[in-house]
Each structure stands twice: as C-alpha cells, then as structure tokens.
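Numbering (the numbering used here), first residue to last: 50 to 725.
Beta carbons: idealized from backbone N, C-alpha and C, even for Gly.
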Amino acid sequence: MRQLIVVLYTFILFTSLIGRSQEIIEVDSLKFPWYAPSINYVQFYHKSAIKHFYESLNQTDKMKISIMHMGDSHIQSEIPTGVARQLLQQKYGDGGRGLVFPYSAAKTYSSIHYSSKHEGNWQYAKTLKVPPTIPLGIMGMSVKTEDSTGTLTYTFNNKFPSNYKTLKIYCNIDSLSYDINVETDGMVYPVDIDAIRLPSNLPYVLVNVNSLSNVITLKCVKTAKSQKEFLFYGLEIVSNEDRGIVYHSAGVGGSRFKGLLHIEKFNSHLKTINPDLVILDLGTNDFLYDDSIKSNLRSEIVEIITNIRIATPLASVLLCTTQDLYYKQKNIESCEKFSGILQEIAKELDCALWDWFWISGGPKVLKNWQAEGLARTDLIHLTNSGYKVKGKLLYDGLENTMAYIKKHPNYDSLLIDVQKVKERKKKEFYLQEIAKKDSVNLIAKLDTLKIHTTIVKEEKIIDIPSKQTDVVNPIVTKKDTIIPTIPVSPKVTTTQIKETLVTNPVVPVVKVDSLPISKTNLDSLSIVSKEALLDSLNTVAVVAEQKKMEAKRTHTISPISDKITVLHKEEIIQAVQPKPAQKNTQKNTTKQYTISQKALNETIDTPVKDTTTLVKPKPVKVVPPKPKYTYYKVRSGDNLSMIADRHGCTVDQLKTWNRLRGISLSVGQTLVIMKK
Numbered sequence: 050m051r052q053l054i055v056v057l058y059t060f061i062l063f064t065s066l067i068g069r070s071q072e073i074i075e076v077d078s079l080k081f082p083w084y085a086p087s088i089n090y091v092q093f094y095h096k097s098a099i100k101h102f103y104e105s106l107n108q109t110d111k112m113k114i115s116i117m118h119m120g121d122s123h124i125q126s127e128i129p130t131g132v133a134r135q136l137l138q139q140k141y142g143d144g145g146r147g148l149v150f151p152y153s154a155a156k157t158y159s160s161i162h163y164s165s166k167h168e169g170n171w172q173y174a175k176t177l178k179v180p181p182t183i184p185l186g187i188m189g190m191s192v193k194t195e196d197s198t199g200t201l202t203y204t205f206n207n208k209f210p211s212n213y214k215t216l217k218i219y220c221n222i223d224s225l226s227y228d229i230n231v232e233t234d235g236m237v238y239p240v241d242i243d244a245i246r247l248p249s250n251l252p253y254v255l256v257n258v259n260s261l262s263n264v265i266t267l268k269c270v271k272t273a274k275s276q277k278e279f280l281f282y283g284l285e286i287v288s289n290e291d292r293g294i295v296y297h298s299a300g301v302g303g304s305r306f307k308g309l310l311h312i313e314k315f316n317s318h319l320k321t322i323n324p325d326l327v328i329l330d331l332g333t334n335d336f337l338y339d340d341s342i343k344s345n346l347r348s349e350i351v352e353i354i355t356n357i358r359i360a361t362p363l364a365s366v367l368l369c370t371t372q373d374l375y376y377k378q379k380n381i382e383s384c385e386k387f388s389g390i391l392q393e394i395a396k397e398l399d400c401a402l403w404d405w406f407w408i409s410g411g412p413k414v415l416k417n418w419q420a421e422g423l424a425r426t427d428l429i430h431l432t433n434s435g436y437k438v439k440g441k442l443l444y445d446g447l448e449n450t451m452a453y454i455k456k457h458p459n460y461d462s463l464l465i466d467v468q469k470v471k472e473r474k475k476k477e478f479y480l481q482e483i484a485k486k487d488s489v490n491l492i493a494k495l496d497t498l499k500i501h502t503t504i505v506k507e508e509k510i511i512d513i514p515s516k517q518t519d520v521v522n523p524i525v526t527k528k529d530t531i532i533p534t535i536p537v538s539p540k541v542t543t544t545q546i547k548e549t550l551v552t553n554p555v556v557p558v559v560k561v562d563s564l565p566i567s568k569t570n571l572d573s574l575s576i577v578s579k580e581a582l583l584d585s586l587n588t589v590a591v592v593a594e595q596k597k598m599e600a601k602r603t604h605t606i607s608p609i610s611d612k613i614t615v616l617h618k619e620e621i622i623q624a625v626q627p628k629p630a631q632k633n634t635q636k637n638t639t640k641q642y643t644i645s646q647k648a649l650n651e652t653i654d655t656p657v658k659d660t661t662t663l664v665k666p667k668p669v670k671v672v673p674p675k676p677k678y679t680y681y682k683v684r685s686g687d688n689l690s691m692i693a694d695r696h697g698c699t700v701d702q703l704k705t706w707n708r709l710r711g712i713s714l715s716v717g718q719t720l721v722i723m724k725k
C-alpha cells in the first residue's frame, strides 16, 4: 500500500515539471546563508578514490568519458542531473545525451527534458517493488510487450546537435524478440534483433542514423513466427565523435538501495557503459518512514559497491548523503546518522563522498529551503528551483575538488571536519531557542501586565493594584497620597514597576497599545543620565530588529509582538535630570519621556540590594546588517579594471566577491557588486 501511495504521489508531484526548460540557478551564499562554499568538495581519504575520474576528465578532448548517476525520486525527474550534465558538457564537451526511458509505459512521471507515449499493452517493473516480475536493466526499470504492434515514442524539448547520430537500443537479444523500426527525422531504420544475426554479444543493438529530430519512435515488427515479445531497458543517444562527456541519469521514485541488488542486467549493462564515475544517490526511502537505519543497510551498500567494481574495476565511486528531511512534520534524525555511515564506508572501501547533508545546511534546515521556495510542503522533495540548486552545487563540488587536486598534487586526502560544522549548528540552534524564548516571554509579560493611572493633585502616578501582596511599610505623605516602599529582594520584577516612587524613582511613560501611562514623584528623584536612557532605548531597537531579521531568515521563531512599539532616541520627549529634593520648597513638576515596554523591563529587571537605584543596562553588541549588493552582466569589451572603475571598487574586491581566480571574463557572465 505504501508503495502505491509513493507512486501516485510522486506522479502528481512531478507532472507539473514535464516540458519545462532547464535554466541554471546561480547559488548566492548571501541570499542562501545556509550554503557554505567552504565545505562544498568531494571528499576522499585517499586520492585513489577519485584519481581515475580526475585523470579522465582532463582528457575529454581526446576521448569520450561517461558518468552513471543512480538515485530515487530526487533523480528521476532529471532536474539536478540535467543541470550537472549541462555545466559539465559546456566545459568538457558534449559526448551525448545518455540513456532515456519510456516512462509512460511504466506508468510514471517522465524527465523534464522529454516526454514519452506508448501504444499497445505493456508490462513494467521497477526497483521500487522487488523482486521484479520481469528482468530489470541499468535504468532500474524495464517494459515488455507481447503486442506485435506496440510502439514507444520519445518527444524531446530541444533538437539534438548534428553530431548525435548513434542510437543504442538496450533490449533482450534473442530469437523470441520482435524486430524494430526506428523512425526519426522522416526516415525509417529497420533493426534486426536476433542474437544469431548480430556480430557481438553486446546487450544493445547499434543503430547509426543520418540525423535525429526531437521525436524518436520505436515500432515493433513481427518478421518470424518465433517472435513473441519485446523486452526493453532503455535507449542511449550519443554523438559519433570520440570526445566529451556522456551523463546517464537513472532515478526510480521510491527506490531503496536493495532495489539495485535486484537488477538482473546490472553487471552486463554497467560493463558496456563503462562509466568513469558512478554516483550512488539513494537513501531517503531506506529510513524516511520510521526514522530508523536498518541493520542490513550497510551490507547492501557494500555489496552494490562490490558489484560496481566487478563490472568496472577502474571506475571511481561517489557516495551521496541525503538532505535534511521531514516526515509528517517530524524531523528525520537518521539523515545525520546516514551521513556518518557513508563516511565510514567511503573510508573503508576507498570511495569518494559528496556530503550533501552538511553542504545543504545540516539538520533542521529544510524549512529554510521551503521559505525560499526551494522545497515543497511535504518537506521531502525540493521544488524545480531547489533541484536546480542541488545540480549546480554538485557541479561546483566536483569542480572545486578537481581544482584542489591540481593545486595540491602531493596531497593524498581531502576531508571536511564535520565536527566543526556540527558545533556551529549547535550554536545556531541554541541562539534560535534563546531568541524564541525571549520573544514568548516578552509577549507573555505584555499580556499579563495591567497598569492604571491615578491623578492626585496635579501628579500622575502608577496606581497600586487592589491585590498587592508584596508591598511593605506604606508611608503616608502629604495629602494622604500612599507611596509604597519596595521590599528588599535580589531582583526588581515587572510587577514592582508600580512601587518605584520611593527614594530614587525615575519618570518614564510606558507606551503599550498606544496608551501612555506616566508616574511622577519629583520630590526625591535619583539622577538617571540621558545617555543611559538613550543607550537602553537603542539596545531595544537593535535587539528587536535583530529578532525580526532572524525570524525572517529562519522562520522558526515568532516575530516581535505588534503590541510593542519600539521607539528610537529621536522619539524621546524628554529625559528628566532633577535637582535633589528640598524640604517643602520644591514644587512637583510633570516631565515625561517615552520608552518601549521591552526597554522598561530590561531597565528594571536588574539586581538590587537595599535601594531602588536603577542600573544602566549593559549595551548589546550591534551586529551590522549584511551589505546590499547588485548584479552586473559582462558586456563585450569589458574587463575587470573597467568594471571596478565604473562601480567605485577595486579589481581585488571584484575577484573576492565573485570567487574569481583569474582576470578573464566572458560576455554575459553575471558579477556580484557590493554596495557601499
């Protein structure tokens, strides 16, 4: 039942993605503060784990290399792998489209780069459900028909380059198989599928075409009585030039690691593809639903790596951790544990590791992604934009690592200190919790605080609540005005604001819900400097602004209540600095200043001994806001010096802001310009 729900959900989830063009999103660490470029590397304990891919990547002008990326629903739509493919091929050359699959016949969603349709009755199998009912191929899916008129049609979003002239049809090759007619660009290419008539034991049939249109159709043709079926594993499209990169993307929604162990054609297909890099990008469905790492998961991964090395002994193996996940609004703690397991396996089996869990922000960060429009409401899958970010960061991680190896040829390892990243995340969580508690406590104080005004002969004082329990030694003064003394206690509380009209009171007006309330007794006022009041008020304004910014960024704490009016020092009416009281000669006056409730709380909640003298609050270190920035698109004839002069900065600043290693620019390149 769960598998059926997964299939239906993922089908609906990605239907909207089909047919969209692939636009690469630039990952800005200023916009996405959870992204730390300093840890975006492919790690390895020994250089031998990535050496073959590194050396092959430097020879793409002379030979064709391939990458096999295997995953689950995060990969099936081909959004992240499509971005990585596009960027790698732009730099190292386009060797071909790679494997494509007729997803409609398997009743599932397609890649965003093409759609498919079928005619006739087709059976299907996937690694989602094991053991499969029909043999599986390297794509993790297969389809089969006994209908001699069955067809499979691919419609691609874009036209292929002119050098794409080679097709490889991965299928069962025997006398039982129907023959195939391949139709594209107005031409029909008959294909015999019979092991006796084929010259080799390859698991595919090779078809060379004059040209490809964006529509390719495979039609079953029965040419002999013995032919009864057609079992299809996928179509590979490559260029006829021996250079560049071929990037295969094989994702199956809902798949787990053990599904790869049920692919009957795993070794034969992988050996034929002969990838220089195999990327294993699964794990979500292994522990998502119960937040538990199964005891056999480690052995399954080890067995898969062993099978890869049997089929392709030279290939580099890259393990990918999962991103932060939630299930039914509960954070999945096993994501971090899974990261630790893959680190151990990478060390033991000499594999490379792209720790996507920490690169994407670590634990409890996916809600930040969602707030930026990068993750879906299920907090499992990313949005179209989010997957493009992942693809761009995968490309950056590979490129960063290749540059590191080139710069440090004698270094044998590249490791990220995850412990330091964990400590940083713990500090962030701690600060968030403190901010959240402060916000809740402050709102609670406002909701429970009840202050009234009483006028006694031209004086405004704070009235004493009827149920006052901690007032001692009331003093009867002139005109029978009762002014309570403050009890000796280690801390003056909020309720004691009503009792500060004794030896050394102050003269504020508290502004709550726009209702001004004052208290005055100027016969005996302590001197509170104007600077102290300004510092206190500035502190409140800065803290409130920081909490608002933090609430906007993290979306995990409540913003400051609308009940609080934060006033800046320019809004102070007046701060009183009266002279010492004189016996029966000093007239009472009424002078006021305005202050926010938070400032008043912070001012009175200070330790005291036997006096009510107010202590100047300690200033809070003001964190300056992040500098604003703009973008500049490089035009023909531009160079770094001209751009720097135009924007009032230096060449070194431009290089730092944009992580440029040299001075070369390309037309259309986007540069970040920080504003002063």
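Beta carbon of residue i nearer than 8 Å to that of residue j
| i | j | result |
| --- | --- | --- |
| proline 151 | leucine 201 | yes |
| proline 252 | serine 317 | yes |
| alanine 360 | leucine 319 | yes |
| valine 179 | phenylalanine 281 | no |
| aspartate 325 | histidine 101 | yes |
| proline 86 | tyrosine 436 | no |
| tyrosine 375 | leucine 346 | no |
| leucine 431 | alanine 424 | yes |
| tyrosine 296 | leucine 137 | yes |
| glycine 389 | glycine 144 | no |
| threonine 450 | tyrosine 681 | no |
| histidine 240 | isoleucine 218 | Looking at the sequence itself, residue 240 is valine, so the reference to histidine does not match. Going by C-beta atoms, valine 240 is nearer than 8 Å to isoleucine 218. |
| methionine 117 | aspartate 291 | no |
| leucine 261 | lysine 214 | yes |
| glycine 147 | glycine 300 | no |
| isoleucine 322 | serine 115 | yes |
Backbone secondary structure at residue i - three-state DSSP
| i | result |
| --- | --- |
| glutamate 313 | coil |
| lysine 665 | Only weak support exists for where lysine 665 lies, its pLDDT of 40 falling under 50; the value from the coordinates is given anyway. Here lysine 665 sits in coil by DSSP. |
| methionine 117 | strand |
| aspartate 694 | helix |
| glutamate 195 | coil |
| methionine 188 | coil |
| aspartate 654 | Note that aspartate 654 has pLDDT 41, beneath the 50 cutoff, so the model's placement of it is unreliable and no number is given. |
| lysine 140 | helix |
| glutamine 468 | helix |
| leucine 326 | strand |
| histidine 162 | coil |
| phenylalanine 150 | coil |
| glutamine 623 | Confidence is the limiting factor: at glutamine 623 the pLDDT is only 36, short of 50, which leaves the residue's position unreliable and the question unanswerable from this model. |
| isoleucine 353 | helix |
| tyrosine 94 | coil |
| phenylalanine 336 | helix |
| asparagine 250 | coil |
| serine 713 | coil |
| glutamate 104 | helix |
Residue span of the alpha helix (DSSP H) that contains residue i, given as start and end
| i | result |
| --- | --- |
| cysteine 384 | 383-398 |
| valine 438 | 433-456 |
| lysine 724 | Where lysine 724 is concerned, there is no enclosing alpha helix (DSSP H), given that its DSSP letter is neither H nor E. |
| serine 175 | Serine is not the amino acid found at residue 175; the sequence shown has lysine there. Looking at the DSSP string, lysine 175 is not in any alpha helix (DSSP H); the run it does join, the beta strand (DSSP E), is 172-175. |
| leucine 703 | 700-707 |
| serine 344 | No alpha helix (DSSP H) holds serine 344; DSSP gives it neither H nor E. |
| isoleucine 790 | The structure shown does not extend to residue 790, since the chain is modelled only from 50 through 725, so no value can be given for it. |
Enclosing beta strand (DSSP E) for residue i [first to last residue]
| i | result |
| --- | --- |
| tryptophan 407 | Segment 405-408 is the alpha helix (DSSP H) holding tryptophan 407; no beta strand (DSSP E) there. |
| tyrosine 84 | Neither: tyrosine 84 is in no beta strand (DSSP E) and is coded neither H nor E. |
| asparagine 230 | 228-233 |
| phenylalanine 205 | 200-205 |
| threonine 266 | 264-270 |
| isoleucine 242 | It is not in any beta strand (DSSP E) - isoleucine 242 carries neither H nor E in the DSSP assignment. |
Beta-bridge partners of residue i, as assigned by DSSP
| i | result |
| --- | --- |
| lysine 297 | Inspection of the sequence shows that residue 297 is occupied by histidine rather than by lysine. The partner list for histidine 297 (beta bridge, DSSP) reads Met117. |
| asparagine 257 | Thr215 |
| threonine 679 | Ile722 |
| alanine 424 | Leu431 |
| glycine 283 | Tyr219 |
| tyrosine 375 | Asn380 |
| alanine 401 | Leu367 |
Neighbour flag for residue i against chain E, beta carbons, 8 Å
| i | result |
| --- | --- |
| valine 270 | This model lacks chain E altogether; it includes just one protein chain. |
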